[in-house]
Structure formats: structure tokens, C-alpha cells
Amino acid sequence: MNDIEDLYREIILDHYRSPRNRGELEVPPAIRVEGFNPLCGDEIVLYLIVEDGLVKDLKLSGQGCSISQSSASLMSAAVKGKTVGEVRKLVHDFKAMMSIHEAAIDGQAQAPTDFPGTGDLEAMGELAALQGVVKFPVRIKCATLSWNVLVQALDEAGAPG
Amino acid sequence: MSAQGAPAAQEDKAAQIPAAQEDKAAEIPAAQAGPVPPAKPLDARAVARDFPLLARSVHGKRIVYLDSAASSQRPCSVIDAMDSYYRTTHANVHRGVYEIAEEADRLYDAARVSAGRLVGSPSPRSEIVFTKNATEAMNLVVRSWGWKNLHAGDVVVLTEIEHHANLVPWLQLVEERGIRLRYLPVDLSTYELDISRLDEVLDGAKVLSCTLMSNVLGTIPPFQVIAGRAHEAGAVVIADGAQSVPHMPTDVQALGCDFLAFSAHKMLGPTGIGVLWGREALLEEMPPFMGGGGMILDVTLDGFVPAEIPRRFEAGTPPIAEAVGLLSAIEYLERLGMSEIWEHDQRLTSYALGTLQERFGDTIRIFGPTDEQSLDRRGAVISLALDGVHPHDLAQVLDQEAVCIRAGHHCAKPLMRRLGVGATARASFYCYNTEEDVDALAKALDEAVRLFR
């Protein structure tokens, strides 16, 4: 598998062509947060309902490249029904998977010490398909866009881990 | 890397003979075509051999550079001229009395004369202002002329196809001065400006500022018509020539503009230097843009007297080596011939439009004029979308094939909104691109389709 096929794995293309949890939720009770990647014009709009410490429902709209949209779709499938604590752990692991290169982009000498490496990739399930993105540093922001939006929505929902 | 045996442009080392450069530049009457009118069509394959970067490979493949609308590559002669300048001539301009400082002065002046000649300025030593880039040239006009002459309620007319460089400085003036903006709309069925609305938007306008070639659509507006009507309405006319000046003959007198902005790095020159041409009478009345060294006649603790034009607008040490590079780039372009470059662009654009439409049919959308009859109204910029493949993914797959294109909003977000897309993929051509490059583009697009559908 060459780098480009590693980037565009079948799971990613599947989520790009048939995104999960597309749509909108009524606000309120849902919280609506949007995020942009000004470099590419990627756009994510997230509707989130947190109830009793659970991500009860979420929907996504927006437009963008296959990486931003498939990452959002994969994320939505992975977090729906999970506890806020589990979701925050997943966000942490996902960003760690991406962060060694983000650190390099930001000019930081040291990558985070808790970079999971081979550690938690299995626990991430389908999300691990996005690890091919790290070979294309400018696309990391596409992959992390929806996750940053999710964190902001959780914070606005007052949902501590 | 060297370009031994290259057919054009290698013989001159601009910085080695500053005095001769000066004489040559000064002898050529203003507003004439290049020094040696070439007799035959441009041979892009031979031209490409003058460009060392085009000899490298990417991912093990020959590089196919299709992003000249963002920034062109430069020939050995330009690189050598700057190298030689730094090795043999560099000193600060304007104040030195020693030999190399005078040589640097002459080169900087020769670059000014040369830039003026390229766009038909009647008095380049007054009318050519060096800036950092075309964006700064636009900002200079807005900040200096605009700040002095525009007041709350005054109307500035722009178009819907402008680059942010011709939008944001005006939007700043909206915030700071309360001026009003009107836009000449683009007709999305033809991707041309809707000239029928011209009189309506120009009514009472103080300024019309318009691109000479869209960096997204390739569209070349009928500028002479627009400028004529704008002048009739009493407006000052500003032209954004960043895309057009590198690709076709330019004559500010014929165009009928009052200001023209362009950039060296899109026309085979270095980054870090742009050009503002302005009518002498207008420049004379304008206050300085930035304050500092070089732009004054006198300074006391209580005030200052600004220098004459154009130095009034060139505060601080100017981009001297970059001016030397620009001088060399203009010589190279004039050797090729601006008309020959334009004809080459048109041939290649026609070939590319034909190839892409034939190969991808209804699955490709080209944002810009596409019919043969419109070729003289569009430049060598092709913005496109392929069904099912986002522009950024397209650019990523093409990179794997060593084909360099740009994906994004191309600093024209309002136009993107009108087009109803967040981004387009854009291929752009220049004097060193060939039909083989177009074929490589088509083949790489095939690969993207194979991956994504």
C-alpha cells in the first residue's frame, strides 16, 4: 500500500461517500457548534445532546474534503451513546494519534510523552484508519477539525469528563 | 544546477554590467514593445530548460508545475542576476558615493525603467513605485490616495470576481471611513462580468477597482470599456494586474487606468517585490504610505518634508536584489515576447479545455469561459471540480503523480460563495508548460477518479 492509498483507505472513502449521522437537531435541547478550516474551506456543524452524562445524540452537517468529512462521520459513530468520560478519553487518544506531527508542525521539539504509538490503536477501532493522515501533515487539521468542534460542544454543554 | 546549452536567456548576467544595463534601459523609449521582437512562436520545451526547478523530480516522477497563477518559477538568468548582484555589487541605494553603491543605484533605477517600459508608462522614473508585492501596491493606493480622497458615504465600485487584495483594503476603509462598496456582478452562465449593470453601479462612484484577469475563472474583463465608463462617471480607475501583466502585453495608456498593481514573483521574478504604476499627476498629490528613511526630503524634531515621487512611497531600504531579479525577469520575458507568451497561453488553454472536456465530459465542471470564441477573453487559469472528488483530495492525489495544482478558495471567498463551492482545484499554465504537462494533468485526474469512484 503506497502512502496515497494508505491515506484514502476504503473505510475512509466509505464514510466520505455515505456519512453517518448527517443532519440537524433542534436547538435547544441540542447545542450547535461550528468549525472551519480556513486553509481548505472545510466546514463542520455539530449538533450535540448530552443527557445524564451520556452523548445521547449528535448530528453533523457541513462540507469539505474526504478527510474532514470522513473523520467527522467516524467520530459520530464512535461517540454516540458513550459516556462523556469515554468520549473525552477517545478525543485524547485520537488527538495523540495525530499529535506527533502536529507538534512537529508547531515547531515543538518534543511530541507528547503519552503518544500511544502501538498502545491504544486497537481500542480506537475504525478510527485507526485515519492514521495514514499523519504522513500528510497539512491534512492533519482536516482530520482534527470535527474533534475540536466536539470538545467545544462538550464544554458548552457543561459536560466535564 | 545549471542549464547549460539552454537556448535563451543565459547570456546576460545583469549585475555584472550595471552601467551597460542602465544605458540600455534608458535608451529604449517608453511605451514600446520589448527590445528584440522575436520572430517565431514560443518553444515552451526549450523555455522549460532554462528553469532549474523544472528539472527536478517529485515522488520519483518528473515535476509538472501547474501553479504559476500562485507563483511562477524563475529561470537561471534571474537567479544568476541576483546571485551576481550579491556577490559583486551590493550596497544600499540612494546615499552612497562609492563605486558599488552607484552601481546598485543604477541597477535599481534600471529596474524601475524596465518595469515602466513593460506596462507602457510614459515616465517610469516618476510613476513606478516598488512595493513588497501586488497586495501592498493595492494597499498603498487605498491607504494613501483613498485615505486622502474618500469620505463617509463615498462609493467605490469593485466586482464580484476580485482577489482579497482588492477587497479587504476597501473593507477596512468601510470600517474606518464609512465608504460604501458596490459590486459589478458576475454572470454565472458565462463567467463574465455583467457589463449591462455598469452604469447603474458607477452612478456617483469615486473609484472603480477591477482585476485585469480573474485568478479563479481566468476571465479577462473588457477593461477598456469599464475604465472608459468609469472615467465618464468621474471615478478614478485602478487595475489589479497581478494575473494579466505576466501573461500578455500591457499598456496603461490603452487600458485607461490610473493605477496598476502587479507582482514580480508571478512573472519569473523573485518574491518580495511588487510594482505600483500610478499616473504622475495623481501620485504627486498623494501623502506618504509609510514613514521612515528614504521617503523624506527633510526631518526636524517637529515635522518632516516628504521626498518626491516615487521615493515618497518607498520607506526604508527597498528590495534591491529583488529589483535586480525583476529587471532580469523582464528582460527574459521581453526576449520571449509578451505577445508570443499570450499566444502560447491561448494555445495551451485551448488544448487543456478540449482535453479535459473530452476526457471527463459531464463529470467535470469548469469554472470559467470554455468555448473557443471566449479564448481571447480568458487566461491560462483553469478552475475545476470533478464529481465525487473534493478539490483538496484531488490536489493530494495529483501530488502523488508530481502534478502541482492548487486547491482552495484562491483568496476569493466572495466569488467562491457565488459559485456555491468552498473550494476549487486550479491548474494554471505559463511559458514553460507544454501539451505533455496537460496530458500529465489529465492522466493524474484519471487516477483520482479511479481512487474515489
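Respectively, the protein sequence lines represent chains A and B. Per our numbering, the very first residue in the first sequence carries number -17; after that it's consecutive. Per our numbering, the very first residue in the second sequence carries number 777; after that it's consecutive. Think of the CB as a built atom: it goes at the ideal place given N, C-alpha and C, for glycine as much as any other residue. From a predicted model like this one, the values you see are computed outputs, not experimental measurements.
Closer than 7 Å to chain B by CB, ILE(-14) of chain A: Here residue -14 of chain A refers to the residue found at position 4 when the first sequence is read from its first residue. Judged by the 7 Å Cβ criterion, ILE(-14) of chain A is in contact with chain B.
is_contact[ALA1220 of chain B, chain A] using C-beta, thresh 7 Å: What you label residue 1220 of chain B is simply residue 444 of the second sequence in a count that begins at 1. ALA1220 of chain B does not count as touching chain A.
Closest residue to PRO1251 of chain B among B:ALA1057, B:SER920 and B:PRO997 (Cα-Cα distance): In this structure chain B extends from 777 to 1229, so residue 1251 of chain B is not present and cannot be described.
Beta-carbon proximity list for GLU108 of chain A, same chain, < 6 Å, skipping 5 on both sides: By 1-based counting over the first sequence, the position of residue 108 of chain A is 126. Same-chain partners within the cutoff: ILE(-7) and LEU56.
CB contact check: PRO1 of chain A to chain B, cutoff 7 Å: Walking along the first sequence from the start, residue 1 of chain A turns up at place 19. It does not; no Cβ of chain B falls within 7 Å.
Those runs of the beta strand (DSSP E) which lie wholly inside the segment 25 to 90 of chain A and span at least 3 residues: 36 to 45
Local conformation of GLY929 of chain B per DSSP, three classes: To locate residue 929 of chain B, count along the second sequence from 1; it is residue 153. Three-state result, GLY929 of chain B: coil.
Any chain B beta carbon closer than 7 Å to TYR29 of chain A: Position 47 of the first sequence holds residue 29 of chain A. It does not: the Cβ of TYR29 of chain A has no partner Cβ on chain B nearer than 7 Å.
Extent of the continuous alpha helix (DSSP H) run through SER985 of chain B: Counting from one through the second sequence, the residue named residue 985 of chain B turns up at place 209. First-last for SER985 of chain B: 983 to 987, but that is the beta strand (DSSP E), not the alpha helix (DSSP H).
For ALA1203 of chain B, three-class secondary structure by DSSP: Residue mapping note: residue 1203 of chain B aligns to position 427 of the second sequence, counting from 1. ALA1203 of chain B: strand per DSSP, three-state reduction.
Inter-residue spacing [alpha-carbon to alpha-carbon] between GLU976 of chain B and PHE1205 of chain B: Against the second sequence, residue 976 of chain B aligns to sequence position 200. Against the second sequence, residue 1205 of chain B aligns to sequence position 429. Taking the straight line from one Cα to the other gives about 36 Å.
Counterpart residues of GLU968 of chain B in DSSP-defined beta bridges: Walking along the second sequence from the start, residue 968 of chain B turns up at place 192. GLU968 of chain B pairs with B:ASP963.
Environment of ARG1193 of chain B [buried if 16+ CB atoms lie within 10 Å]: Reading the second sequence from its first residue, position 417 is the one you call residue 1193 of chain B. With fewer than 16 other Cβ atoms within 10 Å, it is exposed.
Nearest-angstrom Cβ-Cβ length linking LEU993 of chain B and VAL933 of chain B, presumed shorter than 8 Å: Within the second sequence, residue 993 of chain B is the residue found at index 217, counting from 1. Within the second sequence, residue 933 of chain B is the residue found at index 157, counting from 1. Not a contact, Cβ separation roughly 19 Å.
Supposed contact pair VAL983 of chain B and ILE1014 of chain B - C-beta distance, whole angstroms, cut 8 Å: Against the second sequence, residue 1014 of chain B aligns to sequence position 238. Against the second sequence, residue 983 of chain B aligns to sequence position 207. That pair is a contact at about 7 Å.
7 Å Cβ cutoff, GLN113 of chain A in contact with chain B: The residue you call residue 113 of chain A lines up with position 131 of the first sequence. Answer no: the Cβ-Cβ gap between GLN113 of chain A and chain B never drops below 7 Å.
Own chain, CB closer than 8 Å to ALA1011 of chain B, minus 5 neighbours either side, in chain order: As a first step, residue 1011 of chain B must be located in the second sequence, where it is residue number 235. Around ALA1011 of chain B: VAL933, LEU978, ALA981, LYS982, VAL983 and LEU984.
Any chain B beta carbon closer than 7 Å to SER55 of chain A: Numbered from 1 along the first sequence, position 73 holds the residue referred to as residue 55 of chain A. False, the Cβ-Cβ gap to chain B never drops below 7 Å.
Beta-carbon separation (whole angstroms), SER743 of chain B vs PRO1063 of chain B, contact threshold 8 Å: Coverage of chain B is limited to positions 777 through 1229, which leaves residue 743 of chain B absent and any answer about it impossible.
Proximal chain A residues relative to ASP1169 of chain B, where beta-carbon distance stays under 8 Å: In the second sequence, counting from the first residue as 1, residue 1169 of chain B sits at position 393. Result: TYR(-10), CYS47, SER48 and ILE49.
Own chain partners of LEU829 of chain B with C-beta closer than 7 Å, once the 5 adjacent residues on each side are dropped: Along the second sequence, one-based indexing puts residue 829 of chain B at 53. These residues qualify, in order along the chain: GLN849.
Those residues which DSSP pairs with LEU(-5) of chain A across a bridge: Counting from one through the first sequence, the residue named residue -5 of chain A turns up at place 13. Looking at the DSSP assignment, LEU(-5) of chain A forms no beta bridge with any residue, so it has no partner.
Coarse secondary structure for CYS1033 of chain B, derived from DSSP in three states: Within the second sequence, the letter at position 257 stands for residue 1033 of chain B. CYS1033 of chain B: coil per DSSP, three-state reduction.
Beta-carbon spacing of LEU1036 of chain B, GLY1017 of chain B below 7 Å: Looking up residue 1036 of chain B in the second sequence gives position 260. Looking up residue 1017 of chain B in the second sequence gives position 241. Yes. Within cutoff.
Cβ separation of VAL1173 of chain B and LEU1227 of chain B, assumed to be a contact under 8 Å, to the nearest whole Å: Start at 1 with the first residue of the second sequence, and residue 1173 of chain B comes out as number 397. Start at 1 with the first residue of the second sequence, and residue 1227 of chain B comes out as number 451. At roughly 6 Å, the Cβ-Cβ gap stays under 8 Å, so VAL1173 of chain B and LEU1227 of chain B are in contact.
Runs of alpha helix (DSSP H) wholly within the segment 1053 to 1122 of chain B (minimum 4 residues, chain order): 1056 to 1060 and 1096 to 1112
For SER920 of chain B, three-class secondary structure by DSSP: Numbered from its first residue, the second sequence carries residue 920 of chain B at position 144. Correct three-state label for SER920 of chain B: helix.
Beta carbon proximity, HIS1166 of chain B to chain A, threshold 7 Å: Residue 1166 of chain B sits at position 390 when you count from the first residue of the second sequence. It does: the Cβ of HIS1166 of chain B has a partner Cβ on chain A nearer than 7 Å.
TYR874 of chain B in three-state terms, based on DSSP: The count along the second sequence starts at 1 and reaches residue 874 of chain B at position 98. Note: TYR874 of chain B maps to coil in three-state DSSP.
Sequence-distant residues of the same chain with beta carbon closer than 6 Å to VAL15 of chain A, five excluded per side: Residue mapping note: residue 15 of chain A aligns to position 33 of the first sequence, counting from 1. Taken in chain order, the residues that qualify are LEU28, VAL131, GLN134 and ALA135.
Length of the line joining the Cα atoms of TYR(-2) of chain A and ASP24 of chain A: To locate residue -2 of chain A, count along the first sequence from 1; it is residue 16. To locate residue 24 of chain A, count along the first sequence from 1; it is residue 42. The alpha-carbon atoms of TYR(-2) of chain A and ASP24 of chain A are separated by roughly 13 Å.
From B:ALA910, B:GLU1223 and B:PRO1025, residue whose alpha carbon lies closest to that of LEU1109 of chain B: Counted from its first residue, the second sequence places residue 1109 of chain B at position 333. Closest by alpha carbon: B:PRO1025.
Interface partners of ALA1178 of chain B on chain A, CB under 8 Å: Position 402 of the second sequence, counted from the start, is the residue given in the question as residue 1178 of chain B. Here the premise fails: no neighbours, minimum Cβ distance about 12 Å.
Buried or exposed by the 16-neighbour rule on C-beta atoms within 10 Å, applied to LEU1073 of chain B: The count along the second sequence starts at 1 and reaches residue 1073 of chain B at position 297. Exposed is the call here.
Nearest candidate by alpha-carbon position, reference SER48 of chain A, set A:ASP(-15), A:CYS22 and A:PRO10: Working through the first sequence from its first residue, we reach residue 48 of chain A at position 66. Measuring from the Cα of SER48 of chain A, the nearest candidate turns out to be A:CYS22.
Nearest to VAL9 of chain A (by Cα), restricted to the options A:ASP(-4), A:LYS62, A:ASP(-15) and A:LEU40: By one-based count along the first sequence, residue 9 of chain A stands at place 27. Comparing Cα positions, the closest option is A:LEU40.
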